[in-house]
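S.K.: Let me give you the structure first, and then I'll get to my questions.
Protein chains: 2
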Amino acid sequence: MSPVSEREQVAIALGERSYRILIGRGLLADPAAWDDVPSSSQALIVTNTTVAPLYAQKLARAIASRHKQVRVVELPDGEEHKNWQVLNRIFDELLAAGCDRKTVVYALGGGVVGDMAGFAAACYMRGVPFVQVPTTLLAQVDSSVGGKTAINHPLGKNMVGAFYQPRVVVCDLDTLSTLPPREFSAGLAEVIKYGPIADMAFLEWIEKNLAGLVARDPVLLAHAVRRSCEIKAAVVGVDERESGLRAILNFGHTFGHAIEAGLGYGKWLHGEAVACGMVMASHLSQRLRLVDAAFVERLTRIIRDAKLPVLAPALGAQRFLELMRLDKKAEAGEIRFIVIDRPGSASMRPAPDALVREVIEHCSATG
Amino acid sequence: MSPVSEREQVAIALGERSYRILIGRGLLADPAAWDDVPSSSQALIVTNTTVAPLYAQKLARAIASRHKQVRVVELPDGEEHKNWQVLNRIFDELLAAGCDRKTVVYALGGGVVGDMAGFAAACYMRGVPFVQVPTTLLAQVDSSVGGKTAINHPLGKNMVGAFYQPRVVVCDLDTLSTLPPREFSAGLAEVIKYGPIADMAFLEWIEKNLAGLVARDPVLLAHAVRRSCEIKAAVVGVDERESGLRAILNFGHTFGHAIEAGLGYGKWLHGEAVACGMVMASHLSQRLRLVDAAFVERLTRIIRDAKLPVLAPALGAQRFLELMRLDKKAEAGEIRFIVIDRPGSASMRPAPDALVREVIEHCSATG
Numbered sequence: 002m003s004p005v006s007e008r009e010q011v012a013i014a015l016g017e018r019s020y021r022i023l024i025g026r027g028l029l030a031d032p033a034a035w036d037d038v039p040s041s042s043q044a045l046i047v048t049n050t051t052v053a054p055l056y057a058q059k060l061a062r063a064i065a066s067r068h069k070q071v072r073v074v075e076l077p078d079g080e081e082h083k084n085w086q087v088l089n090r091i092f093d094e095l096l097a098a099g100c101d102r103k104t105v106v107y108a109l110g111g112g113v114v115g116d117m118a119g120f121a122a123a124c125y126m127r128g129v130p131f132v133q134v135p136t137t138l139l140a141q142v143d144s145s146v147g148g149k150t151a152i153n154h155p156l157g158k159n160m161v162g163a164f165y166q167p168r169v170v171v172c173d174l175d176t177l178s179t180l181p182p183r184e185f186s187a188g189l190a191e192v193i194k195y196g197p198i199a200d201m202a203f204l205e206w207i208e209k210n211l212a213g214l215v216a217r218d219p220v221l222l223a224h225a226v227r228r229s230c231e232i233k234a235a236v237v238g239v240d241e242r243e244s245g246l247r248a249i250l251n252f253g254h255t256f257g258h259a260i261e262a263g264l265g266y267g268k269w270l271h272g273e274a275v276a277c278g279m280v281m282a283s284h285l286s287q288r289l290r291l292v293d294a295a296f297v298e299r300l301t302r303i304i305r306d307a308k309l310p311v312l313a314p315a316l317g318a319q320r321f322l323e324l325m326r327l328d329k330k331a332e333a334g335e336i337r338f339i340v341i342d343r344p345g346s347a348s349m350r351p352a353p354d355a356l357v358r359e360v361i362e363h364c365s366a367t368g
Numbered sequence: 002m003s004p005v006s007e008r009e010q011v012a013i014a015l016g017e018r019s020y021r022i023l024i025g026r027g028l029l030a031d032p033a034a035w036d037d038v039p040s041s042s043q044a045l046i047v048t049n050t051t052v053a054p055l056y057a058q059k060l061a062r063a064i065a066s067r068h069k070q071v072r073v074v075e076l077p078d079g080e081e082h083k084n085w086q087v088l089n090r091i092f093d094e095l096l097a098a099g100c101d102r103k104t105v106v107y108a109l110g111g112g113v114v115g116d117m118a119g120f121a122a123a124c125y126m127r128g129v130p131f132v133q134v135p136t137t138l139l140a141q142v143d144s145s146v147g148g149k150t151a152i153n154h155p156l157g158k159n160m161v162g163a164f165y166q167p168r169v170v171v172c173d174l175d176t177l178s179t180l181p182p183r184e185f186s187a188g189l190a191e192v193i194k195y196g197p198i199a200d201m202a203f204l205e206w207i208e209k210n211l212a213g214l215v216a217r218d219p220v221l222l223a224h225a226v227r228r229s230c231e232i233k234a235a236v237v238g239v240d241e242r243e244s245g246l247r248a249i250l251n252f253g254h255t256f257g258h259a260i261e262a263g264l265g266y267g268k269w270l271h272g273e274a275v276a277c278g279m280v281m282a283s284h285l286s287q288r289l290r291l292v293d294a295a296f297v298e299r300l301t302r303i304i305r306d307a308k309l310p311v312l313a314p315a316l317g318a319q320r321f322l323e324l325m326r327l328d329k330k331a332e333a334g335e336i337r338f339i340v341i342d343r344p345g346s347a348s349m350r351p352a353p354d355a356l357v358r359e360v361i362e363h364c365s366a367t368g
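So the protein lines, in turn, are chains A and B.
Take any residue in the first sequence, count from 1 to its spot, add 1: that is its number in the working numbering.
Take any residue in the second sequence, count from 1 to its spot, add 1: that is its number in the working numbering.
Structure, rendered in structure tokens:
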């Protein structure tokens, strides 16, 4: 285990598209945090109505010396707004202000803001510089690495998007202090995820420090964010475009996406759905005789102690299966799951429908 | 001058994203033309209501052995439909059919179909394989190389898009026989363009063979398409993302885009606007003392003989300038023009507003 501290940094090596993730307290107002951002005539901060009053002016002041003009566009808050209509408001703003192809787009907010600002930056004039300023734990440990951006389509989540890398990611841990408890726990779900798929020592560290993490101790958070980003970077580094290994980061997501879509986007938070999805995927792994009951129980207990749901809503097995066949990992109608091969290692594989039905029935609330 | 023949090929070297452009008669029905396309469960042919009855079934038959299911989506014909609403019909079709990330998207049609199908392929599940089958001369010489895809926004042309390379481009010269004369001439505009910016020997060849080109002689067309693609490839090869040199391909486009936007998209064809824009840009080059009057007259005569407009519509200089400030090459409100430095060589530079006004007034119809 590497030593812990309040300031951390992760280098993402992607050739010409390499960038740094800065992690620490007070970064938003620290001029040095923005050294990797290109100067430009114009900049646009994309944020939402919840985050704007808290941090938009602080960010605008911090970057004022780098751009002649800094504008702010506030999107409505929530996954249900991650659609084309709202995305178009970013393009409207950029075009109305006469923004050129050197304009820097900042994403200030959670995963939804990051996905939309990133996709807008990827497409505006076929690509303008992009900076991530994630203000939720989930966005800090998930969206910081990998360059995935997207919007939802009425027929599926994240169906329209791009791979697009930021110039720098600035994770100011102070922004986590304003997160509602439900959102904070949703972020912990993605932190926990990195244990079973890649690093059981990290899972043990999480287990030991869970009370401190839930209490948002900044030194523990700095380590959790850094280690999560490192693991994700190691996986993404060898498979930028998700042809194979990168898919293991989707542990819990196949079941999770079905929960989100089945209930209607926004009802459960993404991290909540993933948490429950991880419980289901670990049960599936057990039924495939890859892990034992003790492993499933341990992971379920950690997830429950992080104040996350471990019981799926009563959608019915048939509906679950239908929704999962729309998953992007599915090929020719065959659902492919991320399973735990052995603690600390995961892979993608199909599973018999009958087994999946058993898991859904075992893990669902009685409707 | 290299020898001419009915079958030509251009290799586009872009590392992992390298691909071939095949040029010739009868390619649509030739199974060997599709060897570079990956096999997949599903394929979607994106075309329009004009091209579909002519070639969609022929293409579907030619690729039937490579895909279990081949669907066709017909978009309305015309630049005025290159918007988000129509693009979304491609996503609807892909999702309704349960298309996965190995689904191959074919663009069968002109530049508008290529731009929309290419952008849809770039964004669907963050990128699926894409094949260009350009059926207009303009698309064959322009869209075949460079990977530019985009849709229009009410406030600007091609403002939302992506750089995305096809797996192969199949230019069947037989499809040019069904082109209306206006569309054919619009394609010649982009062929002519390659002369003044890069290759005066090619301009001389065009001048000498213009009657045969206008009569659509397939051997002359094969050479014209091949040489145009080669010149574009040489330029794009050193600057895939349009940071500098690639901009010279926009000769005539700064004025041309203003004409298209000022009249409303679809009134003049893109190639017609570019033709007139080249006349204007060569006048600007003359006023900047880069080329002489004889050069301007010669280029104007070739454009007129290709049955293309050489006189701009009476938009007024003020409106022209406003529209040009929205151009993607503009930086911080300063318009940058592609000018001819000397015959066969071009570069990008700003120009005094007063000089630009003179050119607009000199080259415009009296309103």
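Cβ atoms here follow ideal geometry from the backbone N, Cα and C, with glycine treated the same way.
To the nearest angstrom, report how far apart Asp36 (chain B) and Lys268 (chain A) are at their CA atoms.
M.R.: 47 Å
S.K.: When the Cα atoms are used, what is the spatial distance from Asp175 (chain B) to His271 (chain B)?
M.R.: 22 Å
S.K.: Take Glu335 (chain A) and list the residues in its own chain whose beta-carbon comes closer than 7 Å to its own, dropping the five residues that flank it on each side.
M.R.: For Glu335 (chain A), where only same-chain residues beyond five positions count, the Cβ hits under 7 Å are Pro351.
S.K.: Taking Gly188 (chain B) and Leu139 (chain B) to be in contact with their CB atoms under 8 Å, please state how far apart those CB atoms are, rounded to whole angstroms.
M.R.: 4 Å
S.K.: Using 8 Å as the threshold, is the region 192-204 of chain A in touch with the region 37-52 of chain A, meaning 3 or more CB pairs across them?
M.R.: No, the region 192-204 of chain A does not touch the region 37-52 of chain A.
S.K.: Taking only the alpha-carbon atoms, compute the straight-line gap between Cys172 (chain A) and Thr137 (chain A) and give it to the nearest angstrom.
M.R.: 9 Å
S.K.: Is the Cβ of Asn251 (chain B) closer than 9 Å to any Cβ of chain E?
M.R.: The structure shown has no chain E; the protein chains it does contain are A and B.
S.K.: Helix, strand or coil: which one does DSSP assign to Ala30 (chain A)?
M.R.: coil
S.K.: Quick one, which residues of the region 102-136 of chain B are near chain A if we go by CB-CB under 9 Å, in chain order?
M.R.: Arg102, Lys103, Phe120, Ala121, Ala123, Cys124, Tyr125, Met126, Arg127, Gly128
S.K.: Could you pull the DSSP bridge partners for Leu76 (chain A) from this structure?
M.R.: A:Asn49
S.K.: By the 7 Å beta-carbon criterion, what residues does the region 152-163 of chain B contribute toward chain A?
M.R.: His154, Leu156, Gly157, Met160, Val161, Gly162, Ala163
S.K.: Interface residues of chain B around Leu327 (chain A) at Cβ under 9 Å?
M.R.: Leu96, Gly99
S.K.: Under a Cβ-count criterion, where at least 16 other Cβ atoms within 10 Å of its own Cβ denotes burial, should Arg183 (chain A) be classed as buried or exposed?
M.R.: Arg183 (chain A) comes out exposed.
S.K.: Sort A:Leu55, A:Val215, A:Val280 by Cα distance to Ile341 (chain A) and report the nearest one.
M.R.: A:Val280
S.K.: Name the chain A residues whose beta carbon is nearer than 9 Å to that of Gly334 (chain B)?
M.R.: Ser42, Gly99, Asp101
S.K.: Only counting runs of 3 or more residues, tell me where the beta strand (DSSP E) segments fall wholly within the region 67-142 of chain A, in order along the chain.
M.R.: 68-76, 105-110, 131-135
S.K.: Mark Ser19 (chain B) as exposed unless 16 or more other C-beta atoms lie within 10 angstroms of its C-beta, in which case mark it buried.
M.R.: With fewer than 16 other beta carbons inside 10 angstroms of its own, Ser19 (chain B) counts as exposed.
S.K.: Is DSSP giving Thr367 (chain A) helix, strand or coil here?
M.R.: Here Thr367 (chain A) sits in coil by DSSP.
S.K.: Keeping to the same chain, check which residues put their C-beta closer than 6 Å to that of Leu356 (chain A); ignore five residues upstream and five downstream.
M.R.: The answer, listed in chain order, is Arg288.
S.K.: Just to confirm before moving on: does the CB-CB distance between Ile339 (chain B) and Ala259 (chain B) stay below 9 Å?
M.R.: no
S.K.: Quick one: is Lys69 (chain A) near chain B, going by C-beta distance under 9 Å?
M.R.: Output row for Lys69 (chain A): interface = yes.
S.K.: Just by C-beta distance, which residues in the region 290-302 of chain B are closer than 9 Å to chain A?
M.R.: none
S.K.: Identify, in the order they occur along the chain, each residue of the same chain with its Cβ nearer than 6 Å to the Cβ of Pro130 (chain A), setting aside the five sequence neighbours on each side.
M.R.: Pro39, Val105, Arg168
S.K.: So for Glu7 (chain B), helix, strand or coil by DSSP?
M.R.: coil
S.K.: On the three-pair Cβ rule with 8 Å, is the region 249-266 of chain A touching the region 325-332 of chain A?
M.R.: yes
S.K.: Does the distance from the CB of Thr307 (chain B) to the CB of Leu221 (chain B) come in under 9 Å?
M.R.: Correcting the residue identity first, residue 307 (chain B) is Ala in this sequence and not Thr. For Ala307 (chain B) and Leu221 (chain B), no; Cβs fall outside 9 Å.
S.K.: Here's a check: name, in chain order, each residue in its chain whose Cβ is nearer than 7 Å to the Cβ of Val73 (chain A), leaving out the five neighbours to either side.
M.R.: Answer for Val73 (chain A): Ile46, Thr48, Ala53, Ala57, Ala61, listed in chain order.
S.K.: State the start and end residues of the unbroken beta strand (DSSP E) segment that holds Leu23 (chain B).
M.R.: Start and end: 20-25.
S.K.: Determine whether the Cβ of Trp85 (chain A) lies closer than 9 Å to any Cβ atom of chain B.
M.R.: yes
S.K.: For a cutoff of 9 Å on Cβ pairs, would you count Lys233 (chain A) as touching chain B?
M.R.: no
S.K.: Judging by CA-CA distance, which residue of B:Ala248, B:Cys277, B:Arg217 is the nearest neighbour of Arg26 (chain B)?
M.R.: B:Arg217
S.K.: Given that a residue counts as buried once 16 or more other Cβ atoms are within 10 Å of its Cβ, and exposed if not, what is Pro353 (chain A)?
M.R.: exposed
S.K.: Fully enclosed by the region 189-241 of chain A, which alpha helix (DSSP H) runs are 4 residues long or longer?
M.R.: As summarised for the region 189-241 of chain A, the continuous alpha helix (DSSP H) elements at least 4 residues long and confined to that stretch are 201-215, 219-238, given in chain order.
S.K.: Taking the continuous alpha helix (DSSP H) assigned at Ile370 (chain A), which residues delimit it?
M.R.: The structure shown does not extend to residue 370 (chain A), since chain A is modelled only from 2 to 368, so the question has no answer here.
S.K.: How many Å lie between Ser42 (chain B) and Lys59 (chain A) at the Cα?
M.R.: 51 Å
S.K.: Listing by chain order, which chain B residues have their CB less than 8 Å from the CB of Lys149 (chain A)?
M.R.: By Cβ distance, chain B contributes Arg127.
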